[in-house]
Amino acid sequence: MSSCGLDSGSSGGGSAPLPNGYRYYRLFTTGDPLPNGAEALFLPGAVRINDLGEIIFHAGDRQGLTREGLAMGVYELLADFSGERPRLQQFRQVVRQGDLFANGKEVLTVGLAGLNHHGTIACKLQMNNQRTESIYLERQHGLLEPVVEYLTPLPGNSGGRFSASLGNFDIYHNDDLMVSSHYFSEDAEEAGEGLFHLPGGQVDGSGRLLLSSGDMVPDSAHVIDRVGLFEGEGLTGSYVVQVHTSPAYQDAQADSSSSTSRTAVITGNVRDTGPGSQKLLGLPRTAGEKSAIVDGNTYYAPRVGDNGSTARVIHLSNDDMALLYNDRVLAATGGRTPRGRTISSFGGPVVGPDGLVYCVAFTDDGAAEELLVSNGAQVRSVLCSGDRLGASGARLLTIAFGLTRDQVDGEGRLVFIGEFDDHTLSVMAGVPV
Amino acid sequence: MAKYDINTTMIATSDPPSLCDGLALFPPFPTIGAGLSLGSEKRAKLLDHGFRYLAVRAAASFEYGAFFGVCGPGYAVKFNLEGEVEDFELSLSIKDDEFVGGFGCGMNFGVKIGLTGAVYKVHWLSGSWSSELNIDASIELDLVELAIDILLEAIEAESIKAAVEKAAPLTGAFTSSLSIVDGEEGEWAASEDGKVTINPMFDIPINLWPVLVLASQAGDEAGIGIIVLGINAVLNATLSGIGFGPQIGVGIPLNLGISKVTLDDKEYTNPTDDLTNGKWVGISTGIDLDHEPTEMKVELTHTAGFSFSFGVFVSLQLLEVFHIGASDKLAVAEWLDIIPQIRPFSHTLSNTVGQDYVAGGARDVFTGPKKVAVEFA
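Going line by line, the protein sequences match chains A and B. Per numbering that gives the first Met the number 0, numbering of the first sequence is gapless, rising by one per residue and ending at 432. Per numbering that gives the first Met the number 0, numbering of the second sequence is gapless, rising by one per residue and ending at 376.
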């Protein structure tokens, strides 16, 4: 158990209250058996929680493997948080490399997975008989079924098909699915990369293309080249997306490579698709350009909460970063954490359902880490590396938090992967006290 | 009042028509064949970033190189003409026509990927605790070999105006090549305006990484496979990803008709290009033909466009927290010094009247560009 419990900033009148502290629990640890009996050897930093107490995470094992590497799988813990400490009620394998589906397809690669509050899981998979990746949905513990594959017709009866280059995805409220993918138009006369909204996780007439490469970045003289990371939010329909851009009017002498590429963040709403409905949240300016927005490339995933609040980490330079909450700077490298340590870097932010923003700050040039939570007015440190957690008394080395979305549930419980000095990794749950 | 029969005469670039033995769409026109153009290898750096990432300073770089050779763009044709010439009028039926237009393309593609960073301690990699994700690899790919099946899947699924097939290597520089063509048998004979029109066209992006991984696991890429599988093991376990690939765009609108037929030295032109009752009818001026013709020359006039773009996209992603990407596009036609021009151009094919075969491929005399179409009026 630990709670640094140190604050900085003024008390925020009207802001969501900050948690007083957390109790932390190690729910699953490397060395523990997976549902198939194999020993879990590695936990990448992907873990999520929903309001049903379902926690999904990736784990790697070597059972049956002859090649180098690990067989990755997605696993689900069902935790009961009603008692004094979390009680695990169920542990199941969602999908693992090597699984054989009823149609005879074998899972070749297990990619990222998502989880929503209805218990629907989305996962990117590549099958052994396919040269391309697909997005599969498991609705309420049913069978995993493909939703978006190479050559799936595009939504909205627009003609055209998804191409052989799938990007990211987000499964959220009402099984709405947001997907980035390359596509080509009917007759394949045009192609691009787009961000698609698929209501109910269905590729049908109700879905639509939200933005595409070749579109102008709102309020700028830049054009979208690539679609990056994004998050959708169900209650208000808001979404936030990172895009890689280039100048729309390029100097003929200019190099078209990375020197002119800039990363922007756009926000919009799937229910408001009219002209001007998308807004620019951030785009670094060049010399001579004036901008009211905070400057910097956004290489990290931008996040959005249920109340439409956004959080992002920007690179002010290659080494200087800032954590923004609704475009307000909460913390920046060179500044100090509530514990007084100098911030040298940040992890990815997570916006909780209540609008609180969570982010790991790396301090002392990467030697130490603190998990910060803020309501926009105050910043509180709620976990520090070096703390001893769990019955073993092992010391926490790494807080792998913010590497995916959906790491905080509606009750403010948070999940992350902890790395300990006894050479173990654990799925961790933090329960507010 | 002289009248002579024109027995079946084959006019062809080759039999069967072959694109690389065909006629070029744009100057400079080679003497024979659509010609082979080789571009010098181009290399470009698409990403080169150093930045703070989590607890470390990370770096990502991506370079690519591309080497192209094309046969064409051009067309190849085979058809029979038969009819009669009477006084100043030549009337010919087009039969048994076969036509292909497009180009053949060999594509070599190389990538150099660099990625250093940290996911976090990954002790299974080396048996000791390490936080480093370190990828530095150069991979040379036969693009045709990797992409052909995916392109074929798309073309089967959509009414794409192109046939794409794997073809024999254009030269020793390529292990395989693509042939991108359009055209149907009998299309010309069935047309009402005496024109055959095609437009092989597609624009399809492909992420090669999963394709490459699959090929490596199948053992198809022996040397490269070891590198690819090693990188993939790290990416797979850390839920990180590389995406890169080409976006190949092709468009070749082509419109072709018979503008002139010469019997020995007597020229017959069709002012409207139209067919009359399914026949091409040409009118001569001056003195009528006064002997059985022995040689037929057929002037084919075309207008065409050509776009061949080769886009490259790349993305590097670490879990669901970090993403960097870029794209680039090469105008390959310009690179190969193929300059599309919208004005009409003409080629002339010839054969002995009444000979229903061709020997030695196309017999073409480039007859120069037409200034404007109304010149025939």
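Where a beta carbon is used, it is the ideal one built from N, C-alpha and C, also for glycine.
Any C-beta of chain A under 7 Å from that of glutamate 88 of chain B
As a first step, residue 88 of chain B must be located in the second sequence, where it is residue number 89. Cβ-Cβ to chain A under 7 Å: no for glutamate 88 of chain B.
Decide yes or no for the touch test of the stretch 172-188 of chain A against the stretch 223-235 of chain B: beta carbon pairs closer than 8 Å, at least 3 of them.
Cβ pair count under 8 Å is below three, so no.
What residues in the stretch 15-39 of chain A have a beta carbon less than 8 Å from any beta carbon of chain B?
Cβ contacts with chain B: none found.
Under DSSP, the beta strand (DSSP E) around alanine 217 of chain B begins and ends at which residues?
Position 218 of the second sequence holds residue 217 of chain B. Alanine 217 of chain B -> no beta strand (DSSP E), and no H or E assigned at all.
Comparing the C-beta of alanine 54 of chain B with each C-beta of chain A, is any distance below 7 Å?
For the purposes of this step, residue 54 of chain B is taken as residue 55 along the second sequence, with counting starting at 1. Taking Cβ atoms only, chain A reaches closer than 7 Å to alanine 54 of chain B, which makes this a yes.
Neighbourhood of arginine 387 of chain A by C-beta distance below 6 Å, restricted to the same chain and skipping five residues each side:
In the first sequence, the residue the question calls residue 387 of chain A occupies position 388. Hits under 6 Å: Arg394.
Under 7 Å, Cβ to Cβ, is there at least one residue of chain B near aspartate 363 of chain A?
Within the first sequence, the letter at position 364 stands for residue 363 of chain A. Under the 7 Å criterion on CB atoms, aspartate 363 of chain A is classed as non-interfacial with respect to chain B.
Considering only their Cβ atoms, is the gap separating asparagine 269 of chain B from glycine 164 of chain A smaller than 7 Å?
Taking the first sequence and counting its residues from 1, the one referred to as residue 164 of chain A is at position 165. Taking the second sequence and counting its residues from 1, the one referred to as residue 269 of chain B is at position 270. The residue you asked about is not glycine; residue 164 of chain A is serine in the sequence shown. The Cβ atoms of serine 164 of chain A and asparagine 269 of chain B lie no closer than 7 Å to each other.
Within-7 Å CB hit, asparagine 317 of chain A to chain B:
Against the first sequence, residue 317 of chain A aligns to sequence position 318. In terms of beta-carbon proximity, asparagine 317 of chain A lines the interface with chain B, with at least one pair separated by less than 7 Å.
On the criterion of 16 or more Cβ atoms from any shown chain inside 10 Å, does leucine 124 of chain A qualify as buried, or is it exposed?
Here residue 124 of chain A is taken as the residue at index 125 of the first sequence, counted from 1. By the Cβ-count criterion, leucine 124 of chain A is buried, with 16 or more other Cβ atoms from all chains shown falling within 10 Å of its own Cβ.
If you compare alpha carbons, which of B:Ala214, B:Leu22, B:Lys194 and B:Ser308 is closest to isoleucine 149 of chain B?
Start at 1 with the first residue of the second sequence, and residue 149 of chain B comes out as number 150. Per the C-alpha coordinates, the member of B:Ala214, B:Leu22, B:Lys194 and B:Ser308 positioned closest to isoleucine 149 of chain B is B:Ala214.
When you compare the CB of threonine 237 of chain B with every CB in chain A, is at least one pair closer than 7 Å?
By 1-based counting over the second sequence, the position of residue 237 of chain B is 238. Interface residue, yes.
Relative to the C-alpha of threonine 119 of chain A, which candidate in A:Gly159, A:Gly72, A:Ile55 and A:Arg130 has its C-alpha closest?
For the purposes of this step, residue 119 of chain A is taken as the residue at position 120 of the first sequence. Looking at the Cα atoms, A:Ile55 is the closest of the given residues.
By the criterion of Cβ-Cβ separation under 7 Å, what are the contact partners of serine 326 of chain B in chain A?
Locating residue 326 of chain B in the second sequence gives position 327, where the first residue counts as 1. Neighbourhood of serine 326 of chain B in chain A, by CB distance below 7 Å: Asp224 and Arg225, in chain order.
Kindly say whether leucine 348 of chain B, judged by its beta-carbon, lies nearer than 7 Å to any beta-carbon of chain A.
Here residue 348 of chain B refers to the residue found at position 349 when the second sequence is read from its first residue. The beta carbon of leucine 348 of chain B does not come within 7 Å of any beta carbon belonging to chain A, so the residue lies off that interface.
Nearest neighbour of alanine 330 of chain B, chosen from B:Gln316, B:Leu318, B:Phe305 and B:Ser345 [CA to CA]:
The residue labelled residue 330 of chain B in the question sits at position 331 within the second sequence. Taking only the C-alpha atoms, the option nearest alanine 330 of chain B is B:Phe305.
Given this structure, state the Cα-to-Cα distance separating leucine 228 of chain A from valine 242 of chain A, to the nearest angstrom.
Residue 228 of chain A sits at position 229 when you count from the first residue of the first sequence. Residue 242 of chain A sits at position 243 when you count from the first residue of the first sequence. Distance from the CA atom of leucine 228 of chain A to the CA atom of valine 242 of chain A, rounded to whole angstroms, is 8 Å.
Given a limit of 7 Å on CB to CB distance, which residues of the stretch 256-278 of chain B reach chain A?
Near chain A, meaning a CB-to-CB distance below 7 Å, no residue of the stretch 256-278 of chain B qualifies.
Burial state of alanine 263 of chain A (16 or more Cβ within 10 Å):
The residue labelled residue 263 of chain A in the question sits at position 264 within the first sequence. Residue burial is scored here from C-beta neighbours: alanine 263 of chain A has at least 16 other C-beta atoms within 10 angstroms and is therefore classed as buried.
Beta-carbon proximity check, leucine 355 of chain A vs alanine 45 of chain A, cutoff 7 Å
Sequence index remark: in the first sequence, residue 355 of chain A carries index 356 (1-based). Sequence index remark: in the first sequence, residue 45 of chain A carries index 46 (1-based). 7 Å or more divides the Cβ of leucine 355 of chain A from the Cβ of alanine 45 of chain A.
Beta-ladder partner(s) of arginine 51 of chain B, from DSSP:
Translated into the one-based positions of the second sequence, residue 51 of chain B becomes position 52. DSSP, once it has assigned bridges, lists B:Arg56 as partnering arginine 51 of chain B.
Buried or exposed for glutamine 88 of chain A, going by 16 or more other Cβ atoms inside 10 Å?
As a working note, residue 88 of chain A is residue 89 in the first sequence. Answer is exposed; the Cβ neighbour count stays below 16.
Cβ-Cβ distance between glycine 103 of chain A and valine 146 of chain A below 7 Å:
What you label residue 103 of chain A is simply residue 104 of the first sequence in a count that begins at 1. What you label residue 146 of chain A is simply residue 147 of the first sequence in a count that begins at 1. In this structure, glycine 103 of chain A lies away from valine 146 of chain A, with their beta-carbon atoms at least 7 Å apart.
Please tell me whether glutamate 298 of chain B and lysine 259 of chain B are closer than 7 Å, where the distance is taken between their beta carbons.
Numbered from its first residue, the second sequence carries residue 298 of chain B at position 299. Numbered from its first residue, the second sequence carries residue 259 of chain B at position 260. Yes, these two residues count as a Cβ contact at 7 Å.
For phenylalanine 309 of chain B, list the residues DSSP reports as bridge partners.
By 1-based counting over the second sequence, the position of residue 309 of chain B is 310. In DSSP, phenylalanine 309 of chain B forms a bridge with B:Ile247 and B:Leu329.
Would you list the residues sitting across from tryptophan 279 of chain B in a DSSP beta bridge?
Mapped onto the second sequence, residue 279 of chain B falls at position 280. Per DSSP, B:Leu91 and B:Leu274.
Any C-beta of chain A under 7 Å from that of valine 210 of chain B
One-based indexing of the second sequence puts residue 210 of chain B at position 211. Interface residue (Cβ-Cβ distance to chain A less than 7 Å): valine 210 of chain B is classified as such.
If distances are taken between C-alpha atoms only, which option among A:Gly72, A:Leu208, A:Arg95 and A:Arg327 comes closest to leucine 153 of chain A?
By 1-based counting over the first sequence, the position of residue 153 of chain A is 154. Residue A:Leu208 is the option with its Cα nearest to leucine 153 of chain A.
Short of 7 Å Cβ to Cβ, which residues in the stretch 393-408 of chain A face chain B?
For the stretch 393-408 of chain A, which is checked against every Cβ of chain B, the residues closer than 7 Å are Thr397, Ala399, Gly401, Leu402, Thr403 and Arg404.
May I ask you to list, following chain order, the residues of the stretch 132-149 of chain B that have a beta carbon less than 9 Å from some beta carbon of chain A?
Cβ proximity to chain A below 9 Å picks out Leu145, Ala146, Asp148 and Ile149 from the stretch 132-149 of chain B.
Looking at the C-beta of aspartate 202 of chain B, does it have a partner C-beta in chain A at a distance below 7 Å?
The residue labelled residue 202 of chain B in the question sits at position 203 within the second sequence. Chain A, which has a Cβ nearer than 7 Å to the Cβ of aspartate 202 of chain B, makes this yes.
Is there contact here, the stretch 99-118 of chain A with the stretch 392-412 of chain A, by at least three beta-carbon pairs under 8 Å?
Contact between the stretch 99-118 of chain A and the stretch 392-412 of chain A is present, because at least three Cβ pairs lie under 8 Å.
Whose C-alpha, out of B:Gly68, B:Asp95 and B:Val69, is nearest the C-alpha of asparagine 79 of chain B?
Sequence index remark: in the second sequence, residue 79 of chain B carries index 80 (1-based). That would be B:Asp95, whose Cα lies nearest to the Cα of asparagine 79 of chain B.
Residue range of the unbroken alpha helix (DSSP H) whose run includes aspartate 148 of chain B:
As a first step, residue 148 of chain B must be located in the second sequence, where it is residue number 149. Element bounds for aspartate 148 of chain B: 142-156.
At least one CB of chain A closer than 7 Å to the CB of isoleucine 323 of chain B: is that the case?
Counting from one through the second sequence, the residue named residue 323 of chain B turns up at place 324. With 7 Å as the cut-off, isoleucine 323 of chain B counts as an interface residue toward chain A.
Using CA atoms only, rank isn't needed, just tell me which of B:Val110, B:Thr12 and B:Val163 is closest to isoleucine 138 of chain B.
As a working mapping, residue 138 of chain B is identified with position 139 in the second sequence. Of B:Val110, B:Thr12 and B:Val163, the residue nearest in Cα terms is B:Val110.
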